[in-house]
Every structure is written in C-alpha cells, then in structure tokens.
Amino acid sequence: MYQYTCLNPISPMGLEQLPGDYVKTETVENADAILVRSASMHGMEFSRNLKAVARAGAGVNNIPLDRCAENGVVVFNTPGANANGVKEMVIAGMLLASRDIVGGIEWLEQQKVDENIGKLAEKQKKQFAGCEIKGKKLGVIGLGAIGALVANTAIYLGMEVYGYDPYISIDTAWKLSREIRHISNVDEIFRDCDYITLHVPLLESTRGMISRENIGKMKDGVVLLNFSRDLLVDETALVEALENGKVKKYVTDFANPVVAGAKNTLVTPHLGASTEESEDNCAMMAVRELRDFLENGNIHNSVNYPNCDMGVCTTVSRVAINHRNVVNMISQFASVMGSAGINISDMTNKSKGDYAYTLIDLESQATQELVDRLEAIDGVLKARIIK
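Note that UniProt numbering numbers the sequence shown so that position 160 is 160, with each residue one more than the last.
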C-alpha cells in the first residue's frame, strides 16, 4: 500500500489512474508521495517516509530541490504536458499586441448607450487598427516543449522565426520546422526581431536576462512576450522603455505591482496553462511518473535525480538506492550483497550533478536488514525495497 497527499487540487483524471492500493492521506508525515501544483514547499519538513514529489506542471521554483535530493526524495515535473495551452496564449498575446483589440472593446463599452454607435465605430476604428503578424520577425528564446510549439505555429502563420537555445535537445531539434532560423548569438534576436517571446527556466544565468542593456539593443517598437517567469525581465527598466516608446507592448502572464496598469502592458492572471486539458494532462503525467517510480523504481522527468529505467522487475527482488555521486559506491553495494550471500542479477547506475541513483535486481529476496546495511554506507541517502 502507498499513501499520497495533494497540496493543491489535482485533476480527477490523474487521480483516477491510481489503483486501490494507493490511499490518500491528509498528513504529509505519512505520505510516500506528494502531488503539487503551485503550493510552496520551501518551509516544509520532510519525513523519512517521503520518497517522491510530483509537480503537475513544468516549473519547480516552489519546491526545494536540493533539500529534497539530500533527503533522497525524487522530484518529478511534467514537461510538455501543458505546452499547447501556453502556446495558444502566446499566439493570442501576439495578436492582441499587434492589433488593439482590447482597446477597441473597452472603447465600445463606453459608447454602448450611443444610438449611433455603428457610425461612430466606423469613424474611430483606425485608432485600434494595428498591424498583421504575417511577414514579421519573431525571436523565440528557449526551444523547449513550449518554445518549439510557438516557433512552429508562427511559421504556419507566415512569420519569419529566429530560434535561440544553446541547450536544445536532439528530440526537439527533429520536431522543429526547417524554416526556423537557428541563432547562436541571442543579440541577433534583440537586434532584428519585431516580436520576442521568452521560454526559458528561471536560473541564476537567466534571471534578469531582459536587462536595460539588452532592451537598448532591441528594435524600436518591439513587442515582448513573457509566459515563462517574471524575474527573467528587469520590469522597472521595461516600464521605462514602454513609456518612451522603445518597446511597443509587453504581454506577460505574471501580475505584480510594477506591470499591473503600466502603459502599453497586457497582463493576464497566470492563464498560460490554466485550461482543463492542460490540468488533466499534467495530472495524468505526474501520476504515471509516480507510479512507475514507486512500483518499479524507474525515474523519468526528474529535476534533481537522473533518469533511470530497468522496466518491470522480473527477478526475485529489486532495491533502489539514492546516493551522492562519489567514487567507490558501486563496489560497496556489491560488497554488502556479497556478504549477505545475495547474487546480483542486473544493475544500473546513473548520475546527475552531485547525486546518483542505482537500481539492483537480485536473485534472492531483499530484507530490511539489507536496506539498513546499505543506508549505513557513507553517501547513501535512502534505500528501499521495490519488490
């Protein structure tokens, strides 16, 4: 039996995938796994029983990743599950910034009591006309799941697309349109593009990347879209650029006192992934990841431990070990097995930064005594019997 808890409402379509031996608990202390969306976990204490956290979404800024790793807690996210919902918001944002649709609607609301509203609208519509996006240059900074979808869709809409991502994966590269121009220096996007959209994670290397200096490199009248994280942008400098006309429009999904109500800014209330479909997809993916980890020991889409997959255990027993990525760990595991008279049938070891993960299939049944001996090894953070 496994116990889980939800720190936020999780789509029933995901929870329905949990079989009868998964029991929901209201207390974090008893949980084997936590499902979370936006709730902050930074102030939480972790019980020894906690094995995994699954974020039903992509961003994990609300989760203390290093502390989880040090406690042997694997953190999962669901990259790509909400990508289409965010992509549609980005495209909508470009259209709203190009043609003053919102301004036109608000103006008409004020004239609704005028019996000559039709004629008045014909006279005033030019002030809301705007421009088309076809033929314009779009710079996509970050070509992950969302950025790739935005780039491909913009190609279909007739835009000239520049893509920048020094860490692009092979899988993503195969999915990108051949018409996308791959840029090795982001300054080229700042200099040449009419629209710039951000799709990078918030890291120390990306924090404030849209700085006063980089805004100065941009074309006059550029439109900036941010559906990633507000801290990617120096919004104080950006508001100044909006006021003096350097930046035509700023479209952001992150409301705060700096941008709310600022001139030429369109702020949406964090709607990017807030669709029924996105929430369902994220929940189902998070549950699949948790089940494969708890039941088989396999790791997919972890942000603090390496991916590791040995399929379903077909031998007598399987042991999973979370440990630090240091020398001589494997030989110590083998020594413990040998001294217990247990033969190793198969084994895999993967590492990611300071942490590593080992799965070992055994020809004899693992015992709690064996787990205790493994956890006594210096550098082992957590060990458990899968089967």
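Glycine included, each C-beta is placed from N, C-alpha and C at the ideal position.
Predicted model only: the values in this text are computed from it and were never measured.
Nearest-angstrom beta carbon gap, residue j and residue i [assumed within contact, 8 Å]
i, j, result
"Phe-215", "Val-319", "Note on residue identity: the sequence assigns Ile, not Phe, to residue 215. Not confirmed; about 54 Å, so no contact."
"Asn-343", "Glu-363", "4 Å"
"Val-86", "Ala-273", "6 Å"
"Ala-33", "Leu-7", "Not really, about 11 Å apart at Cβ, beyond 8 Å."
"Val-73", "Leu-50", "5 Å"
"Val-259", "Val-267", "6 Å"
"Gln-127", "Leu-120", "Not really, about 12 Å apart at Cβ, beyond 8 Å."
"Phe-333", "Thr-314", "Going by Cβ atoms, the distance from Phe-333 to Thr-314 rounds to 20 Å, so no, they are not a contact pair."
"Ser-211", "Asp-234", "5 Å"
"Ala-283", "Ser-11", "4 Å"
"Ala-56", "Leu-35", "6 Å"
Inter-residue Cα distance where the pair is residue i and residue j
i, j, result
"Asp-220", "Lys-248", "8 Å"
"Tyr-4", "Val-312", "22 Å"
"Arg-384", "Val-371", "6 Å"
"Ala-69", "Asn-77", "14 Å"
"Leu-15", "Arg-229", "28 Å"
"Phe-46", "Val-28", "8 Å"
"Ile-360", "Ser-278", "36 Å"
"Asn-307", "Glu-289", "11 Å"
Among the options, the one whose alpha carbon lies nearest that of residue i
i, options, result
"Ala-366", "Val-316, Asp-378, Arg-99, Ile-133", "Val-316"
"Val-140", "Arg-191, Leu-198, Leu-157", "Leu-198"
"Glu-243", "His-42, Ser-47, Gly-261", "Gly-261"
"Lys-123", "Gly-104, Val-113, Ile-133, Gly-14", "Gly-104"
"Phe-254", "Tyr-2, Arg-48, Met-89", "Met-89"
"Asp-354", "Val-327, Cys-131, Tyr-156", "Val-327"
"Cys-193", "Gly-297, Leu-224, Ile-146", "Leu-224"
"Phe-190", "Thr-172, Met-209, Glu-204, Leu-202", "Met-209"
"Thr-172", "Asn-185, Val-186, Ile-183, Leu-149", "Leu-149"
"Asp-100", "Asp-66, Ala-54, Asn-264", "Asn-264"
"Ser-335", "Gly-20, Ile-377, Ser-302", "Ile-377"
"Leu-95", "Ala-129, Lys-246, Ile-117", "Ala-129"
"Ala-52", "Lys-246, Pro-9, Leu-108, Tyr-305", "Tyr-305"
"Pro-166", "Asn-296, His-182, Gln-17", "His-182"
"Ile-330", "Asn-62, Leu-294, Gly-379, Asn-71", "Gly-379"
"residue 434", "Gly-57, Ile-117, Ile-168, Arg-373", "The displayed coordinates of the chain run from 1 to 387. Any statement about residue 434 would go beyond what the structure contains."
Near the ligand ZN: residue i beta-carbon under 7 Å from a heavy atom
i, result
"Asp-192", "Among the components of this structure there are no ligands whatsoever, and the ligand ZN is therefore not found."
Nonlocal neighbours in the same chain, by C-beta distance under 8 Å from residue i, ignoring five residues either side
i, result
"Ala-151", "Leu-138, Val-140, Leu-143, Val-161, Gly-163, Leu-176, Ser-177, Ile-180"
"Arg-207", "Leu-231, Leu-232"
"Leu-271", "Met-89, Asp-253"
"Ala-31", "Gln-3, Tyr-4, Thr-5, Thr-25, Ser-47, Asn-49, Leu-50"
"Gly-135", "Gly-158, Met-159, Glu-160"
Close Cβ partners of residue i (< 7 Å) along its chain, the five nearest in sequence each way excluded
i, result
"Asn-281", "Ala-81, Asn-82"
Residues of its chain near residue i, where Cβ-Cβ distance is below 6 Å and the 5 sequence neighbours each way are ignored
i, result
"Val-186", "Tyr-164"
"Arg-373", "Val-336"
"Asn-298", "Asp-292, Asp-309"
(message) Which complete alpha helix (DSSP H) runs does the segment 222-309 hold, if anything under 4 residues is left out?
(response) 235-243, 276-296
(message) Threshold first: 4 residues or longer. Then list the alpha helix (DSSP H) segments lying entirely within the UniProt domain "ACT" (318-387), N to C.
(response) 329-339, 368-375
(request) Output the residue ranges of the alpha helix (DSSP H) runs that lie fully inside the segment 12-47 and measure 4 residues or longer, sorted by chain position. (result) 12-15
(message) Report the start-end ranges of each beta strand (DSSP E) in the segment 135-173 that is 3 residues or longer and not cut off at the edges.
(response) 137-141, 160-164
(message) Which runs of the beta strand (DSSP E) at least 3 residues long sit entirely within the segment 58-124? Give them in chain order.
(response) 74-76
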